[in-house]
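Read the structure below first, then the notes.
Numbering (my numbering), first residue to last: 6 to 569.
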(Lines of atoms letter the chains of each structure in order from A; the text may use other names.)
(Lines give C-alpha, C1' and ligand atoms only; values in the text may rest on other atoms or scores of the structure.)
Protein backbone atom coordinates (compact mmCIF):
# COMPACT_ATOMS: atom_id res chain seq x y z
CA UNK A 6 0.00 0.00 0.00
CA UNK A 7 1.22 3.47 -0.87
CA UNK A 8 2.06 5.76 2.05
CA UNK A 9 -0.45 8.60 1.94
CA UNK A 10 2.27 11.00 3.05
CA UNK A 11 3.90 10.56 -0.34
CA UNK A 12 0.93 12.31 -1.94
CA UNK A 13 2.52 15.49 -0.61
CA UNK A 14 5.33 16.45 -3.05
CA UNK A 15 7.48 17.65 -0.17
CA UNK A 16 7.22 14.26 1.51
CA UNK A 17 7.87 12.44 -1.75
CA UNK A 18 11.05 14.37 -2.34
CA UNK A 19 12.19 13.91 1.25
CA UNK A 20 11.62 10.17 0.97
CA UNK A 21 13.55 10.01 -2.30
CA UNK A 22 16.53 11.91 -0.90
CA UNK A 23 16.50 9.88 2.30
CA UNK A 24 16.52 6.66 0.26
CA UNK A 25 19.52 7.82 -1.73
CA UNK A 26 21.40 8.77 1.43
CA UNK A 27 20.65 5.40 3.07
CA UNK A 28 21.26 3.12 0.10
CA UNK A 29 24.52 3.69 -1.71
CA UNK A 30 24.13 0.30 -3.41
CA UNK A 31 21.32 1.77 -5.49
CA UNK A 32 23.79 4.28 -6.87
CA UNK A 33 26.50 1.81 -7.84
CA UNK A 34 29.61 0.72 -6.01
CA UNK A 35 32.17 3.11 -4.61
CA UNK A 36 34.67 2.04 -7.27
CA UNK A 37 32.08 2.58 -10.03
CA UNK A 38 31.26 6.05 -8.73
CA UNK A 39 34.95 6.91 -8.55
CA UNK A 40 35.54 5.62 -12.08
CA UNK A 41 32.80 7.94 -13.32
CA UNK A 42 33.79 10.77 -10.99
CA UNK A 43 30.26 10.58 -9.65
CA UNK A 44 29.12 11.11 -6.06
CA UNK A 45 25.59 11.99 -5.05
CA UNK A 46 24.91 15.32 -3.48
CA UNK A 47 23.86 15.74 0.19
CA UNK A 48 20.47 17.33 0.68
CA UNK A 49 21.80 20.34 2.57
CA UNK A 50 24.15 21.18 -0.28
CA UNK A 51 21.39 20.82 -2.87
CA UNK A 52 19.23 23.21 -0.88
CA UNK A 53 22.05 25.74 -0.59
CA UNK A 54 22.78 25.70 -4.33
CA UNK A 55 19.11 26.17 -5.16
CA UNK A 56 18.73 28.98 -2.67
CA UNK A 57 21.79 30.89 -3.86
CA UNK A 58 21.23 30.36 -7.56
CA UNK A 59 17.72 31.81 -7.32
CA UNK A 60 18.58 34.62 -4.91
CA UNK A 61 16.98 37.89 -6.10
CA UNK A 62 15.46 36.12 -9.10
CA UNK A 63 12.17 37.85 -9.78
CA UNK A 64 10.57 35.43 -12.22
CA UNK A 65 9.93 31.71 -12.42
CA UNK A 66 12.50 29.96 -14.65
CA UNK A 67 10.81 28.31 -17.61
CA UNK A 68 13.41 25.58 -18.10
CA UNK A 69 15.85 23.76 -15.82
CA UNK A 70 18.61 21.34 -16.75
CA UNK A 71 21.14 19.25 -14.86
CA UNK A 72 23.75 18.06 -17.39
CA UNK A 73 24.99 15.38 -14.97
CA UNK A 74 21.70 14.62 -13.25
CA UNK A 75 22.46 11.26 -11.64
CA UNK A 76 19.36 9.96 -9.88
CA UNK A 77 17.77 13.38 -9.77
CA UNK A 78 18.57 15.12 -6.49
CA UNK A 79 18.87 18.54 -8.08
CA UNK A 80 16.00 18.13 -10.54
CA UNK A 81 13.59 16.89 -7.87
CA UNK A 82 14.45 19.86 -5.67
CA UNK A 83 14.25 22.24 -8.64
CA UNK A 84 10.77 21.00 -9.53
CA UNK A 85 9.64 21.69 -5.97
CA UNK A 86 11.19 25.16 -6.16
CA UNK A 87 9.33 25.98 -9.36
CA UNK A 88 6.04 25.08 -7.68
CA UNK A 89 6.96 27.21 -4.66
CA UNK A 90 7.65 30.10 -7.02
CA UNK A 91 4.22 29.92 -8.61
CA UNK A 92 4.37 27.41 -11.44
CA UNK A 93 0.86 26.28 -12.35
CA UNK A 94 1.14 22.56 -11.56
CA UNK A 95 3.63 19.76 -11.02
CA UNK A 96 2.34 18.09 -14.15
CA UNK A 97 3.17 21.18 -16.18
CA UNK A 98 6.60 21.56 -14.55
CA UNK A 99 7.58 17.95 -15.23
CA UNK A 100 6.23 18.04 -18.78
CA UNK A 101 7.68 21.34 -19.94
CA UNK A 102 10.41 22.58 -17.59
CA UNK A 103 12.62 19.73 -16.34
CA UNK A 104 15.56 18.38 -18.35
CA UNK A 105 18.48 16.14 -17.46
CA UNK A 106 21.37 14.21 -18.94
CA UNK A 107 23.55 11.50 -17.45
CA UNK A 108 25.94 8.92 -18.83
CA UNK A 109 24.64 6.25 -16.42
CA UNK A 110 21.49 4.58 -17.76
CA UNK A 111 20.41 3.25 -14.36
CA UNK A 112 20.78 6.70 -12.81
CA UNK A 113 18.60 8.17 -15.57
CA UNK A 114 15.88 5.61 -14.81
CA UNK A 115 16.03 6.47 -11.11
CA UNK A 116 15.83 10.15 -11.94
CA UNK A 117 12.70 9.71 -14.05
CA UNK A 118 11.09 7.60 -11.32
CA UNK A 119 11.92 10.18 -8.66
CA UNK A 120 10.38 12.95 -10.75
CA UNK A 121 7.25 10.90 -11.44
CA UNK A 122 6.91 10.35 -7.69
CA UNK A 123 6.28 14.08 -7.34
CA UNK A 124 2.86 13.72 -8.95
CA UNK A 125 -0.09 13.49 -6.61
CA UNK A 126 -1.77 10.12 -6.17
CA UNK A 127 -4.89 11.67 -7.66
CA UNK A 128 -3.16 12.53 -10.95
CA UNK A 129 -5.13 10.87 -13.80
CA UNK A 130 -3.45 7.97 -15.55
CA UNK A 131 -3.49 9.83 -18.87
CA UNK A 132 -1.73 12.82 -17.34
CA UNK A 133 0.79 10.56 -15.62
CA UNK A 134 1.50 8.88 -18.95
CA UNK A 135 2.03 12.26 -20.62
CA UNK A 136 4.56 13.20 -17.94
CA UNK A 137 6.35 9.86 -18.30
CA UNK A 138 6.62 10.31 -22.07
CA UNK A 139 7.93 13.86 -21.63
CA UNK A 140 10.53 12.70 -19.11
CA UNK A 141 11.71 9.98 -21.49
CA UNK A 142 12.35 12.70 -24.07
CA UNK A 143 13.79 15.27 -21.69
CA UNK A 144 15.82 13.18 -19.22
CA UNK A 145 18.19 11.16 -21.36
CA UNK A 146 21.18 8.87 -21.16
CA UNK A 147 24.00 10.57 -23.04
CA UNK A 148 27.34 12.29 -22.70
CA UNK A 149 26.43 15.91 -22.07
CA UNK A 150 29.83 17.13 -23.29
CA UNK A 151 29.13 15.77 -26.78
CA UNK A 152 25.34 16.14 -26.87
CA UNK A 153 23.47 18.28 -29.40
CA UNK A 154 20.85 19.49 -26.95
CA UNK A 155 18.58 21.09 -29.51
CA UNK A 156 18.40 17.97 -31.63
CA UNK A 157 18.13 15.45 -28.79
CA UNK A 158 15.82 17.10 -26.26
CA UNK A 159 14.33 19.97 -28.27
CA UNK A 160 15.84 22.92 -26.41
CA UNK A 161 19.33 24.43 -26.47
CA UNK A 162 19.15 27.26 -23.91
CA UNK A 163 17.90 27.12 -20.34
CA UNK A 164 16.92 29.61 -17.66
CA UNK A 165 18.43 27.55 -14.87
CA UNK A 166 21.38 25.15 -14.96
CA UNK A 167 22.11 23.07 -11.87
CA UNK A 168 24.27 20.17 -10.93
CA UNK A 169 27.11 18.29 -9.36
CA UNK A 170 29.21 17.32 -12.39
CA UNK A 171 31.72 14.45 -12.37
CA UNK A 172 35.02 15.17 -10.67
CA UNK A 173 37.64 13.41 -12.80
CA UNK A 174 41.26 14.24 -12.11
CA UNK A 175 42.65 13.31 -15.48
CA UNK A 176 46.10 12.64 -13.98
CA UNK A 177 44.74 9.70 -11.96
CA UNK A 178 44.64 6.49 -13.94
CA UNK A 179 41.58 5.19 -12.10
CA UNK A 180 39.49 8.20 -13.15
CA UNK A 181 41.20 9.33 -16.35
CA UNK A 182 39.51 9.96 -19.65
CA UNK A 183 41.43 8.78 -22.66
CA UNK A 184 43.81 11.17 -24.38
CA UNK A 185 41.41 11.32 -27.30
CA UNK A 186 38.61 12.32 -24.96
CA UNK A 187 40.81 14.96 -23.32
CA UNK A 188 41.71 16.41 -26.71
CA UNK A 189 38.04 16.54 -27.63
CA UNK A 190 37.20 18.41 -24.42
CA UNK A 191 40.02 20.87 -25.12
CA UNK A 192 38.59 21.49 -28.59
CA UNK A 193 35.04 21.98 -27.32
CA UNK A 194 36.17 24.45 -24.65
CA UNK A 195 38.52 26.42 -26.87
CA UNK A 196 41.52 25.19 -24.92
CA UNK A 197 40.15 26.39 -21.57
CA UNK A 198 40.11 22.80 -20.28
CA UNK A 199 43.29 20.81 -20.88
CA UNK A 200 44.08 17.17 -20.11
CA UNK A 201 45.45 18.34 -16.74
CA UNK A 202 42.22 20.11 -15.75
CA UNK A 203 39.49 18.41 -13.75
CA UNK A 204 36.70 17.58 -16.19
CA UNK A 205 34.20 19.30 -13.87
CA UNK A 206 35.51 22.54 -15.40
CA UNK A 207 34.32 21.36 -18.81
CA UNK A 208 30.83 20.79 -17.41
CA UNK A 209 30.86 24.27 -15.89
CA UNK A 210 31.69 25.88 -19.22
CA UNK A 211 29.09 23.67 -20.92
CA UNK A 212 26.54 24.80 -18.34
CA UNK A 213 27.30 28.44 -19.02
CA UNK A 214 27.00 27.81 -22.75
CA UNK A 215 23.57 26.27 -22.13
CA UNK A 216 22.49 29.26 -20.05
CA UNK A 217 20.08 31.72 -21.64
CA UNK A 218 20.72 35.47 -21.20
CA UNK A 219 19.62 36.39 -17.71
CA UNK A 220 19.76 32.77 -16.59
CA UNK A 221 21.31 31.32 -13.45
CA UNK A 222 23.78 28.50 -12.86
CA UNK A 223 24.53 26.68 -9.61
CA UNK A 224 27.21 23.97 -9.52
CA UNK A 225 29.02 21.88 -6.96
CA UNK A 226 32.69 21.81 -7.96
CA UNK A 227 35.96 20.41 -6.63
CA UNK A 228 37.51 23.00 -4.35
CA UNK A 229 40.68 22.76 -6.42
CA UNK A 230 38.81 24.60 -9.20
CA UNK A 231 39.16 27.80 -7.17
CA UNK A 232 42.95 27.57 -6.97
CA UNK A 233 44.39 25.15 -9.50
CA UNK A 234 46.73 26.67 -12.06
CA UNK A 235 45.41 24.16 -14.59
CA UNK A 236 41.88 25.54 -14.10
CA UNK A 237 42.85 29.20 -14.51
CA UNK A 238 41.80 29.38 -18.18
CA UNK A 239 38.46 27.85 -17.25
CA UNK A 240 37.97 30.41 -14.48
CA UNK A 241 38.76 33.23 -16.88
CA UNK A 242 36.34 31.81 -19.45
CA UNK A 243 33.62 31.42 -16.82
CA UNK A 244 33.53 35.10 -15.87
CA UNK A 245 34.07 36.40 -19.40
CA UNK A 246 30.33 36.48 -20.09
CA UNK A 247 28.89 35.71 -16.68
CA UNK A 248 28.94 37.14 -13.18
CA UNK A 249 30.10 35.10 -10.20
CA UNK A 250 27.38 35.70 -7.63
CA UNK A 251 28.33 33.42 -4.74
CA UNK A 252 30.83 30.87 -3.54
CA UNK A 253 30.76 28.36 -0.70
CA UNK A 254 33.45 26.04 0.64
CA UNK A 255 34.17 23.98 3.73
CA UNK A 256 36.95 22.00 5.37
CA UNK A 257 34.78 18.98 6.15
CA UNK A 258 34.08 16.01 3.87
CA UNK A 259 30.61 16.34 2.37
CA UNK A 260 30.43 13.13 0.33
CA UNK A 261 30.51 9.55 1.61
CA UNK A 262 33.33 7.59 0.01
CA UNK A 263 34.90 10.61 -1.69
CA UNK A 264 38.16 12.23 -0.67
CA UNK A 265 37.77 15.36 -2.75
CA UNK A 266 37.01 18.68 -1.06
CA UNK A 267 34.11 20.55 -2.64
CA UNK A 268 32.85 24.06 -3.16
CA UNK A 269 29.72 25.49 -4.73
CA UNK A 270 29.47 28.44 -7.07
CA UNK A 271 26.59 30.31 -8.65
CA UNK A 272 26.78 32.53 -11.70
CA UNK A 273 24.37 34.58 -13.77
CA UNK A 274 24.58 35.24 -17.48
CA UNK A 275 25.09 38.84 -18.49
CA UNK A 276 21.99 40.85 -19.39
CA UNK A 277 20.28 39.53 -16.29
CA UNK A 278 16.76 40.38 -17.39
CA UNK A 279 15.19 37.90 -14.97
CA UNK A 280 16.83 39.35 -11.88
CA UNK A 281 15.30 41.96 -9.65
CA UNK A 282 17.11 45.25 -9.32
CA UNK A 283 20.03 45.02 -6.90
CA UNK A 284 21.23 47.49 -4.33
CA UNK A 285 24.85 48.61 -4.07
CA UNK A 286 25.77 45.72 -1.77
CA UNK A 287 25.09 43.27 -4.58
CA UNK A 288 26.54 45.05 -7.57
CA UNK A 289 28.36 43.19 -10.34
CA UNK A 290 31.70 43.33 -8.53
CA UNK A 291 30.40 41.75 -5.31
CA UNK A 292 30.38 38.07 -4.38
CA UNK A 293 28.39 36.52 -1.53
CA UNK A 294 30.39 34.01 0.50
CA UNK A 295 29.42 31.17 2.84
CA UNK A 296 31.57 28.62 4.65
CA UNK A 297 31.29 25.34 6.52
CA UNK A 298 28.72 22.57 6.73
CA UNK A 299 26.26 25.04 8.26
CA UNK A 300 26.70 27.40 5.29
CA UNK A 301 27.47 30.33 7.57
CA UNK A 302 27.45 33.67 5.76
CA UNK A 303 30.73 35.59 5.63
CA UNK A 304 31.14 39.25 4.67
CA UNK A 305 30.30 40.02 1.05
CA UNK A 306 33.45 40.46 -1.04
CA UNK A 307 33.34 43.73 -2.95
CA UNK A 308 35.42 44.72 -5.95
CA UNK A 309 37.18 41.40 -6.46
CA UNK A 310 39.80 41.79 -9.19
CA UNK A 311 39.17 38.75 -11.39
CA UNK A 312 41.56 39.98 -14.07
CA UNK A 313 44.65 40.29 -11.88
CA UNK A 314 44.08 37.75 -9.09
CA UNK A 315 45.50 34.34 -10.07
CA UNK A 316 42.91 32.32 -8.16
CA UNK A 317 39.44 32.62 -6.65
CA UNK A 318 40.65 31.32 -3.28
CA UNK A 319 40.83 34.81 -1.71
CA UNK A 320 37.04 34.83 -1.85
CA UNK A 321 36.91 32.11 0.82
CA UNK A 322 40.05 33.12 2.74
CA UNK A 323 38.04 34.49 5.66
CA UNK A 324 36.54 31.04 6.15
CA UNK A 325 40.01 29.69 6.83
CA UNK A 326 40.66 32.52 9.28
CA UNK A 327 43.22 34.27 7.09
CA UNK A 328 43.90 37.88 8.18
CA UNK A 329 43.00 40.24 5.34
CA UNK A 330 46.25 42.17 5.73
CA UNK A 331 48.32 39.46 4.02
CA UNK A 332 46.59 40.25 0.72
CA UNK A 333 47.36 43.97 1.09
CA UNK A 334 51.14 43.95 1.61
CA UNK A 335 53.25 46.91 0.53
CA UNK A 336 56.11 44.84 -0.87
CA UNK A 337 56.92 45.36 -4.55
CA UNK A 338 59.59 42.66 -4.78
CA UNK A 339 59.17 38.88 -4.95
CA UNK A 340 61.23 35.88 -3.91
CA UNK A 341 62.11 35.13 -7.52
CA UNK A 342 64.33 38.22 -7.61
CA UNK A 343 66.77 36.70 -5.12
CA UNK A 344 66.24 32.94 -5.50
CA UNK A 345 65.53 30.10 -7.92
CA UNK A 346 63.16 27.23 -7.12
CA UNK A 347 62.81 23.82 -8.71
CA UNK A 348 60.34 20.97 -8.34
CA UNK A 349 61.37 17.43 -9.25
CA UNK A 350 59.02 15.05 -11.03
CA UNK A 351 58.34 11.38 -11.66
CA UNK A 352 61.58 10.92 -13.65
CA UNK A 353 63.62 11.67 -10.54
CA UNK A 354 61.29 9.74 -8.24
CA UNK A 355 61.40 6.53 -10.27
CA UNK A 356 64.99 7.12 -11.33
CA UNK A 357 66.02 6.42 -7.73
CA UNK A 358 64.45 2.96 -7.75
CA UNK A 359 67.06 0.39 -6.82
CA UNK A 360 69.50 3.03 -5.57
CA UNK A 361 67.97 3.70 -2.14
CA UNK A 362 69.69 1.91 0.72
CA UNK A 363 69.37 1.88 4.50
CA UNK A 364 72.58 3.33 5.95
CA UNK A 365 72.75 4.75 9.47
CA UNK A 366 76.53 5.02 9.73
CA UNK A 367 79.56 5.82 7.60
CA UNK A 368 77.71 8.45 5.61
CA UNK A 369 79.68 10.06 2.81
CA UNK A 370 79.28 11.89 -0.46
CA UNK A 371 78.87 8.48 -2.10
CA UNK A 372 75.86 7.79 0.12
CA UNK A 373 74.02 11.12 0.53
CA UNK A 374 70.98 11.14 2.77
CA UNK A 375 67.62 11.06 0.99
CA UNK A 376 65.18 13.53 2.53
CA UNK A 377 61.40 13.44 2.08
CA UNK A 378 58.59 15.87 2.88
CA UNK A 379 58.01 13.94 6.11
CA UNK A 380 61.54 14.81 7.23
CA UNK A 381 61.21 18.57 6.76
CA UNK A 382 59.77 20.59 9.60
CA UNK A 383 60.15 24.27 10.38
CA UNK A 384 63.92 24.88 10.71
CA UNK A 385 64.48 21.17 11.26
CA UNK A 386 65.30 17.97 9.38
CA UNK A 387 64.22 14.79 11.18
CA UNK A 388 66.13 12.32 8.99
CA UNK A 389 66.89 9.24 11.08
CA UNK A 390 64.19 10.04 13.63
CA UNK A 391 61.05 9.08 11.68
CA UNK A 392 60.00 6.20 9.47
CA UNK A 393 59.33 6.90 5.81
CA UNK A 394 58.15 4.69 2.98
CA UNK A 395 59.76 5.05 -0.44
CA UNK A 396 58.87 2.81 -3.38
CA UNK A 397 56.91 0.63 -0.97
CA UNK A 398 59.87 0.02 1.36
CA UNK A 399 60.07 1.39 4.90
CA UNK A 400 63.24 3.31 5.80
CA UNK A 401 64.61 5.05 8.86
CA UNK A 402 67.96 6.09 7.37
CA UNK A 403 67.38 6.28 3.59
CA UNK A 404 70.48 7.07 1.56
CA UNK A 405 71.23 7.02 -2.15
CA UNK A 406 73.97 4.75 -3.43
CA UNK A 407 75.49 6.89 -6.17
CA UNK A 408 77.30 3.89 -7.63
CA UNK A 409 73.92 2.42 -8.55
CA UNK A 410 73.24 5.49 -10.71
CA UNK A 411 76.56 5.54 -12.58
CA UNK A 412 75.06 4.29 -15.84
CA UNK A 413 72.18 6.78 -15.76
CA UNK A 414 73.59 10.06 -17.06
CA UNK A 415 70.36 11.98 -16.41
CA UNK A 416 70.18 10.88 -12.76
CA UNK A 417 73.89 11.52 -12.30
CA UNK A 418 73.45 15.06 -13.57
CA UNK A 419 70.47 15.54 -11.28
CA UNK A 420 72.46 14.40 -8.24
CA UNK A 421 75.21 16.92 -9.02
CA UNK A 422 72.69 19.79 -9.30
CA UNK A 423 71.08 18.88 -5.96
CA UNK A 424 74.18 18.30 -3.82
CA UNK A 425 74.73 22.00 -3.24
CA UNK A 426 73.77 24.38 -0.40
CA UNK A 427 70.02 24.89 -0.64
CA UNK A 428 66.70 25.29 1.10
CA UNK A 429 64.20 22.44 1.07
CA UNK A 430 60.54 23.44 1.31
CA UNK A 431 57.90 20.85 2.18
CA UNK A 432 54.47 20.71 0.57
CA UNK A 433 51.09 19.55 1.90
CA UNK A 434 51.83 21.27 5.23
CA UNK A 435 49.76 23.51 7.51
CA UNK A 436 52.40 26.26 7.68
CA UNK A 437 55.43 26.96 5.52
CA UNK A 438 58.10 24.44 6.53
CA UNK A 439 61.64 25.08 5.30
CA UNK A 440 65.07 23.75 6.26
CA UNK A 441 68.48 24.98 5.15
CA UNK A 442 70.94 22.34 3.92
CA UNK A 443 74.08 24.40 4.53
CA UNK A 444 76.52 21.74 3.40
CA UNK A 445 74.59 20.58 0.35
CA UNK A 446 74.79 17.02 1.61
CA UNK A 447 71.24 15.69 1.11
CA UNK A 448 69.10 14.76 -1.87
CA UNK A 449 65.41 15.76 -2.01
CA UNK A 450 62.60 13.39 -2.88
CA UNK A 451 59.49 14.46 -4.77
CA UNK A 452 57.51 16.59 -3.92
CA UNK A 453 60.02 18.71 -1.99
CA UNK A 454 60.88 22.06 -3.55
CA UNK A 455 64.55 23.00 -3.87
CA UNK A 456 65.43 26.68 -3.47
CA UNK A 457 68.87 28.19 -4.11
CA UNK A 458 70.20 31.73 -3.97
CA UNK A 459 70.75 33.60 -7.22
CA UNK A 460 74.32 34.01 -8.36
CA UNK A 461 74.46 37.74 -7.58
CA UNK A 462 74.61 36.92 -3.88
CA UNK A 463 72.17 39.65 -2.83
CA UNK A 464 70.81 37.43 -0.08
CA UNK A 465 72.17 34.32 1.59
CA UNK A 466 70.15 31.16 2.18
CA UNK A 467 69.20 32.16 5.72
CA UNK A 468 67.63 35.42 4.55
CA UNK A 469 65.70 33.57 1.85
CA UNK A 470 64.57 30.84 4.24
CA UNK A 471 63.45 33.41 6.81
CA UNK A 472 61.22 35.01 4.18
CA UNK A 473 59.82 31.73 2.85
CA UNK A 474 58.94 30.33 6.28
CA UNK A 475 57.34 33.54 7.55
CA UNK A 476 53.84 33.33 9.04
CA UNK A 477 52.94 36.10 6.57
CA UNK A 478 53.76 33.84 3.63
CA UNK A 479 51.91 30.92 5.22
CA UNK A 480 48.77 33.04 5.58
CA UNK A 481 49.12 34.45 2.07
CA UNK A 482 49.57 30.97 0.63
CA UNK A 483 46.35 29.82 2.30
CA UNK A 484 44.55 32.92 1.02
CA UNK A 485 45.69 32.46 -2.58
CA UNK A 486 45.85 28.70 -2.99
CA UNK A 487 43.53 27.00 -0.51
CA UNK A 488 41.94 24.03 -2.22
CA UNK A 489 44.98 22.97 -4.24
CA UNK A 490 46.39 20.60 -1.59
CA UNK A 491 45.22 17.09 -0.71
CA UNK A 492 43.72 18.46 2.51
CA UNK A 493 41.65 21.63 2.63
CA UNK A 494 43.76 22.78 5.60
CA UNK A 495 47.12 22.20 3.92
CA UNK A 496 49.39 24.43 1.84
CA UNK A 497 50.69 23.27 -1.52
CA UNK A 498 52.72 25.71 -3.59
CA UNK A 499 54.38 25.10 -6.92
CA UNK A 500 57.92 26.33 -7.49
CA UNK A 501 56.54 29.20 -9.55
CA UNK A 502 54.02 30.20 -6.89
CA UNK A 503 56.74 30.12 -4.25
CA UNK A 504 58.87 32.52 -6.29
CA UNK A 505 55.91 34.88 -6.70
CA UNK A 506 55.59 35.38 -2.94
CA UNK A 507 56.49 38.90 -1.73
CA UNK A 508 59.74 39.78 0.02
CA UNK A 509 60.00 41.61 3.36
CA UNK A 510 60.36 45.39 3.24
CA UNK A 511 61.98 46.13 6.62
CA UNK A 512 65.64 45.15 6.21
CA UNK A 513 66.67 45.19 9.87
CA UNK A 514 63.73 43.03 10.97
CA UNK A 515 64.38 40.69 8.05
CA UNK A 516 68.02 40.27 9.08
CA UNK A 517 66.95 39.66 12.66
CA UNK A 518 64.49 36.99 11.51
CA UNK A 519 67.24 35.30 9.46
CA UNK A 520 69.55 35.17 12.47
CA UNK A 521 66.78 33.69 14.61
CA UNK A 522 65.87 31.15 11.93
CA UNK A 523 69.51 30.03 11.86
CA UNK A 524 69.56 29.80 15.66
CA UNK A 525 66.37 27.74 15.64
CA UNK A 526 67.90 25.38 13.08
CA UNK A 527 70.82 24.77 15.42
CA UNK A 528 68.82 24.50 18.65
CA UNK A 529 69.73 21.41 20.71
CA UNK A 530 66.14 20.39 21.48
CA UNK A 531 62.53 20.99 20.53
CA UNK A 532 61.72 23.25 23.47
CA UNK A 533 64.53 25.67 22.67
CA UNK A 534 63.73 25.52 18.97
CA UNK A 535 60.11 26.49 19.58
CA UNK A 536 61.13 29.33 21.89
CA UNK A 537 63.42 30.76 19.23
CA UNK A 538 60.82 30.21 16.50
CA UNK A 539 58.36 32.38 18.42
CA UNK A 540 60.88 35.22 18.34
CA UNK A 541 61.57 34.49 14.69
CA UNK A 542 57.86 34.67 13.87
CA UNK A 543 57.55 38.11 15.50
CA UNK A 544 60.57 39.45 13.64
CA UNK A 545 59.53 38.02 10.27
CA UNK A 546 56.05 39.53 10.52
CA UNK A 547 57.52 42.92 11.42
CA UNK A 548 59.78 42.57 8.40
CA UNK A 549 56.69 42.80 6.20
CA UNK A 550 55.80 46.16 7.69
CA UNK A 551 52.70 45.03 9.57
CA UNK A 552 51.48 46.97 12.59
CA UNK A 553 50.73 45.61 16.03
CA UNK A 554 47.12 44.56 15.41
CA UNK A 555 47.89 42.85 12.11
CA UNK A 556 50.99 41.26 13.63
CA UNK A 557 48.92 39.68 16.40
CA UNK A 558 46.31 38.47 13.91
CA UNK A 559 48.90 36.80 11.68
CA UNK A 560 50.74 35.34 14.66
CA UNK A 561 47.51 33.88 16.07
CA UNK A 562 46.64 32.35 12.67
CA UNK A 563 50.11 30.79 12.40
CA UNK A 564 50.14 29.43 15.94
CA UNK A 565 46.76 27.77 15.55
CA UNK A 566 47.82 26.03 12.35
CA UNK A 567 51.12 24.85 13.84
CA UNK A 568 49.62 23.15 16.88
CA UNK A 569 46.72 21.36 15.17
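The beta-carbon is built from N, C-alpha and C at its ideal position, and this holds for glycine as well. Model, not experiment: these values are computed from the prediction.
Outcome for residue i when other beta-carbon atoms lying within 10 angstroms are tallied against a minimum of 16
i	result
residue 228	buried
residue 482	buried
residue 566	buried
residue 3	This structure cannot settle anything about residue 3, because the visible part of the chain is limited to 6 through 569.
residue 463	exposed
residue 304	exposed
residue 169	buried
residue 49	exposed
residue 3	Absent from the structure is residue 3, since the part of the chain shown begins at 6 and ends at 569.
residue 275	exposed
residue 531	exposed
residue 4	No answer is possible for residue 4: it lies beyond the span of the chain, which begins at 6 and ends at 569.
residue 488	buried
residue 134	exposed
residue 129	exposed
residue 269	buried
residue 486	buried
residue 361	buried
Residues near residue i by beta carbon distance below 8 Å, same chain, minus five either side
i	result
residue 504	339, 340, 341, 344, 345, 346
residue 552	none
residue 83	55, 69, 71, 103, 165, 167
residue 300	49, 53, 253
residue 352	415
residue 443	426, 466
residue 563	436, 476, 479, 480, 542
When the options are compared against residue i, the one with the closest alpha-carbon
i	options	result
residue 240	311, 307, 293	311
residue 323	484, 380, 540	484
residue 517	248, 497, 336, 546	546
residue 376	198, 292, 452	452
residue 47	385, 121, 298, 247	298
residue 369	397, 383, 490, 408	408
residue 171	121, 106, 120, 390	106
residue 331	100, 212, 475, 309	475
residue 441	498, 486, 455, 432	455
residue 218	51, 318, 162	162
residue 480	292, 325, 212, 254	325
residue 318	361, 431, 301, 295	295
residue 87	101, 76, 74	101
residue 320	265, 361, 253, 141	253
residue 386	466, 337, 525	525
residue 99	112, 73, 144, 61	144
residue 75	117, 61, 63	117
residue 548	521, 514, 556	514
residue 367	268, 404, 350	404
residue 424	469, 472, 371, 94	371
Cβ neighbours of residue i in the same chain (closer than 7 Å, five flanking residues each side left out)
i	result
residue 459	343, 344, 345
residue 550	335, 510, 511
residue 256	493, 494
residue 381	429, 431, 438, 440, 453
residue 153	none
residue 51	78, 79, 82
residue 150	190, 193, 207, 211
Beta-bridge partners of residue i, as assigned by DSSP
i	result
residue 251	271, 293
residue 165	69, 221
residue 226	268
residue 348	454
residue 303	294
residue 434	496
residue 427	442
Close-in-space but distant-in-sequence residues of the same chain around residue i (CB under 6 Å, 5 per side omitted)
i	result
residue 58	221, 223, 271
residue 110	146
residue 506	340, 478
residue 132	96
residue 91	65
residue 399	392
residue 388	374, 376, 380
residue 159	none
residue 519	467, 468, 471
Any chain D beta carbon closer than 8 Å to residue i
i	result
residue 146	Going by chain labels, chain D is absent from the structure shown, which holds only one protein chain.
- Within the chosen definition, does the segment 442 to 450 reach the segment 372 to 392 through at least 3 CB pairs nearer than 8 Å? Yes: at least three Cβ pairs fall under 8 Å.
- Query: Using 8 Å as the threshold, is the segment 391 to 404 in touch with the segment 415 to 427, meaning 3 or more CB pairs across them?
  - Reply: Touching, no, given that fewer than three Cβ pairs across the two stretches are closer than 8 Å.
- Please confirm if the segment 232 to 250 is in contact with the segment 197 to 206, defined as three or more CB-CB distances below 8 Å between the two stretches. Yes, they touch.
- Report yes or no: do three or more beta-carbon pairs, one from the segment 422 to 438 and one from the segment 487 to 495, lie closer than 8 Å? Judged by Cβ distances under 8 Å, the segment 422 to 438 makes contact with the segment 487 to 495, as three or more pairs qualify.
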